[in-house]
Amino acid sequence: MKFLVCISLVPDTTTKISFVDNDTKFNNDKVQWILNPYDEWYALVRALELKEANGGNVTVINVGSAENDQVIRKALAIGADDAIRIDAAGDLDSYAIAAEIAAAAKSGGFDVILLGKETISYNGSNLGGMLAELLDLPFVSYASKLDMTGNTASIDRDIEGGKEVLSVDTPFVISCAKGMAEARIPNMKGIMAAKSKPLQVVTPQGVGSLTSTVKYELPPAKSACKMVSPDNVEELVQLLHNEAKMI
Amino acid sequence: MAVLFLVETAGGKVKKASFEIATYAAKTASALGTEAVGLALGTTDAGELAALGIYGAKKIVHAGNAGFDNFDAGTYAKAIADTAAAVGAKVIAISQTLTGKAVAPRVAVRLNAGIVSGAVSLPDADFVVKKAAFSGKAFAYLKINSDNKVISVVPNSVGAVKGDGSAAVENADLVPAVSKIMVKEVVRQTGDVAPLPEAELVVSAGRGMKGPENWGIVEDLAKVLGATTACSRPVADVHWRPHHEHVGQTGVAIRPNLYIAIGISGAIQHLAGVNQSKCIVVINKDPEAPFFKAADYGICGDLFEVVPKLTEAIKAFKSSQH
């Protein structure tokens, strides 16, 4: 079975976010770039687990410049067999990225295309649905469990206040949420092996974005927390009613 | 021309987020000099659909084919795109619910439309839309440059506004495309409170509760407020509470009006999922808990004493209001 795992690079969760050029561009200075946690912890690791159980191949794919290679190698160190980087630079929106990945995936004969539920940078959840539509495949989003028997998958999908248990035959696209797998830390053997694993660089199709970022903004500074005595919870009730208008 | 919005239903009833998306579509349509049209897919109460008129919808297209009762992003996207063409809609508004997250990007591809997902504002005259980014640590303003436009809107971000209009319900003979996804089972929590992503009031608790047997005081507080209960990641990980209650970066991201955090220290990953709450109350015995820095109101004290007292105080306050 052939698995394709879409990976994004995102600023580390603890990164202090700031902007430059009149708040029109993200400030890359001193940013630690990491594999998007949901792509890594859930999508990649579950693909590896399924490969280890049933055989097959796990390819990771990323859209971006050569600066991304270091992080792509981490995915290889965790256990992916090979990688594709679509050599596109600049600010691409989710549609442009999906179109590039779909073009590269079309001829790959992949059975399952996996990705995290969203990125922690743009929190969009767009890529999976777009890929499925571009490739005319079924799409299961926010899956917390994926088991394979032959070419048939049994999937748990999160819904508001519960879950659905689904069945779908390959090929399909799936976005992965908590519960799918436990994170793996690359070991020295994996790190050494990753250096010689194939990383294919592909020329982009040059698909244009349909949206553009006009500006960024930081949330207004939070005013200091108003502390209430534990012996006077009635004061909190009054504050919530009169000041915050919440109750 | 129209602004088309997706009406989400559960058990034949219109979901709360759909009242808000009707308002959003109506306001957007008004700015564009056109009308808001809803699309409801599957078995739904017609009276419920007509009630969407109160929120500004002029017409609801109801494709009542039971084949739509099981959600499939592909069949929904086709139905939405086909309806957009039929009613001449170039703007599509969808709630950023779990359903919306799956279907909106497919609709965007079908219509060759730019998409802003997770919008928290109405579009301006240039179709620039505000959305939260970097797990709530910033906002981005995105401009949709394509002719067709898709916006998915975070529940509880612009509010549902009631007016006095009414909506005509028009039946449509849409037939779902054959789905390749089989639904074997649907497991839903029971109860009469809103599911977490739509909840306006949330009472959440963490490891400070010391064990699942102590959750009664959290549920009591939630009950007097009419709030939905939630929990932090460690609590879900050790199965003190069900997975679907877990809020935070790895769990459900929420945007309630009021978020009361009990015995939760406020790790950055937890804050990433709740920092869009309009008002945050933190109850924790550790004065150094980082959550106090993100809170509007705080009580530093023993939660096992504070929470029952707060429940009684709210109960007394509510009685005095009647």
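Chains P and E, in that order, are what the protein sequence lines are.
So for the first sequence, this note's numbering puts the first residue at -8; every next one is plus one.
So for the second sequence, this note's numbering puts the first residue at 200; every next one is plus one.
Using N, Cα and C, we set each Cβ at its ideal position, and we do this for glycine too.
Source: prediction; values computed, not measured.
Do the CB positions of E:F522 and E:G500 come within less than 7 Å of each other?
In the structure as shown, chain E begins at 200 and stops at 521. Residue 522 of chain E is therefore absent and cannot be evaluated.
What is the rounded straight-line gap between the Cα of E:K214 and the Cα of E:V206?
Start at 1 with the first residue of the second sequence, and residue 214 of chain E comes out as number 15. Start at 1 with the first residue of the second sequence, and residue 206 of chain E comes out as number 7. Roughly 8 Å separates the two Cα atoms.
Spell out whether any CB of chain P is found under 7 Å from the CB atom of E:F333.
Working through the second sequence from its first residue, we reach residue 333 of chain E at position 134. E:F333 counts as touching chain P.
Between the alpha carbons of E:P486 and P:A215, how many angstroms are there, rounded?
By one-based count along the second sequence, residue 486 of chain E stands at place 287. By one-based count along the first sequence, residue 215 of chain P stands at place 224. Cα to Cα, the separation comes out at about 14 Å.
Residues near P:K169 in its chain [Cβ-Cβ closer than 8 Å; skip 5 each side]:
By one-based count along the first sequence, residue 169 of chain P stands at place 178. If we look at P:K169 and ignore the five residues flanking it on each side, its Cβ neighbours are Y33 and S135.
Alpha-carbon spacing of P:T204 relative to E:E384, whole angstroms
Translated into positions along the first sequence, residue 204 of chain P becomes position 213. Translated into positions along the second sequence, residue 384 of chain E becomes position 185. If I take the Cα positions, the gap works out to 41 Å.
For E:A303, which residues of its own chain have a beta-carbon under 7 Å away from its beta-carbon, when the five flanking residues on both sides are left out?
Locating residue 303 of chain E in the second sequence gives position 104, counting from the first residue. The answer, listed in chain order, is I293, I314, S316, V349 and S351.
Comparing C-alpha positions only, which one of E:L395, E:A404 and E:V382 sits nearest to E:F267?
For the purposes of this step, residue 267 of chain E is identified with residue 68 of the second sequence, where counting begins at 1. Nearest C-alpha to E:F267: E:V382.
Among the residues of its own chain, which have a CB less than 6 Å from the CB of P:S56, if the five just before and after it don't count?
Working through the first sequence from its first residue, we reach residue 56 of chain P at position 65. Excluding residues within five positions, the ones whose Cβ falls inside 6 Å are A80.
Top-ranked residue by Cα proximity to E:A366, from E:A452, E:V236 and E:A435:
In the second sequence, residue 366 of chain E corresponds to position 167, counting from 1. Of the listed residues, the one whose Cα sits closest to E:A366 is E:V236.
May I ask you to list the residues that DSSP assigns as paired with P:R76?
For the purposes of this step, residue 76 of chain P is taken as residue 85 along the first sequence, with counting starting at 1. DSSP, once it has assigned bridges, lists P:N53 and P:V192 as partnering P:R76.
Helix, strand or coil: how does DSSP classify P:T6 here?
Translated into the one-based positions of the first sequence, residue 6 of chain P becomes position 15. Note: P:T6 maps to coil in three-state DSSP.
Completely contained beta strand (DSSP E) runs for the stretch 64 to 112 of chain P, where each covers 3 or more residues:
73 to 77 and 103 to 107
Just mark E:G273 as buried or exposed, buried being the case when its beta carbon has 16 or more other beta carbons within 10 Å.
Position 74 of the second sequence holds residue 273 of chain E. Buried, because 16 or more other Cβ atoms sit within 10 Å of the Cβ of E:G273.
Interface residues of chain P facing E:Y496 [CB-CB closer than 7 Å]
One-based indexing of the second sequence puts residue 496 of chain E at position 297. Residues of chain P passing the Cβ test: C216, K217, V219, L227 and L230.
If you reduce the DSSP assignment to three classes, tell me which class P:R148 lands in.
Residue mapping note: residue 148 of chain P aligns to position 157 of the first sequence, counting from 1. It is a strand residue.
Once DSSP output is grouped into helix, strand and coil, what is the label at E:D436?
Sequence index remark: in the second sequence, residue 436 of chain E carries index 237 (1-based). E:D436: helix per DSSP, three-state reduction.
Under 7 Å, do E:V434 and E:G472 count as touching if we go by C-beta distance?
Mapped onto the second sequence, residue 434 of chain E falls at position 235. Mapped onto the second sequence, residue 472 of chain E falls at position 273. The answer is no: Cβ separation not under 7 Å.
Apply the 10 Å Cβ neighbour rule to P:G115 and answer buried if 16 or more other Cβ atoms are within range, or exposed otherwise.
The residue labelled residue 115 of chain P in the question sits at position 124 within the first sequence. The residue in question, P:G115, is buried, as its Cβ has 16 or more Cβ neighbours within 10 Å.
Does at least one heavy atom of the ligand MG sit under 6 Å from the Cβ of E:G472?
With respect to the ligand MG, the structure shown offers nothing to examine, as it has no ligands at all.
To the nearest angstrom, report how far apart P:K178 and P:V103 are at their CA atoms.
Numbered from 1 along the first sequence, position 187 holds the residue referred to as residue 178 of chain P. Numbered from 1 along the first sequence, position 112 holds the residue referred to as residue 103 of chain P. Residue 178 of chain P is actually Asn in this sequence, not Lys. Computed Cα separation, rounded: 26 Å.
Residue-level contact to chain E via CB, P:D149, 7 Å cutoff
Within the first sequence, the letter at position 158 stands for residue 149 of chain P. Closer than 7 Å: yes.
At the level of alpha carbons, what is the spacing between P:D78 and P:A96?
The residue labelled residue 78 of chain P in the question sits at position 87 within the first sequence. The residue labelled residue 96 of chain P in the question sits at position 105 within the first sequence. Those two C-alpha atoms are separated by around 15 Å.
Measuring CB to CB, does E:G465 end up less than 7 Å from E:M408?
The residue given as residue 465 of chain E occupies position 266 in the second sequence. The residue given as residue 408 of chain E occupies position 209 in the second sequence. Their beta carbons are not under 7 Å apart, which means E:G465 does not touch E:M408 by this criterion.
Return the chain-ordered ranges of every beta strand (DSSP E) run that is complete within the stretch 414 to 474 of chain E and spans a minimum of 3 residues.
427 to 430 and 457 to 461
Please name the residues in the stretch 54 to 78 of chain P whose beta-carbon is closer than 9 Å to at least one beta-carbon of chain E, in chain order.
none
C-alpha gap between E:I467 and P:E109, whole angstroms:
Counted from its first residue, the second sequence places residue 467 of chain E at position 268. Counted from its first residue, the first sequence places residue 109 of chain P at position 118. Each residue's alpha carbon lies about 18 Å from the other.
Compile a chain-ordered list of the residues in the stretch 391 to 411 of chain E whose CB is closer than 8 Å to at least one CB of chain P.
P394, L395, P396, E397 and L400
Residue span of the alpha helix (DSSP H) that contains E:K214, given as start and end
Walking along the second sequence from the start, residue 214 of chain E turns up at place 15. Note, E:K214: premise wrong, no alpha helix (DSSP H); not H, not E.
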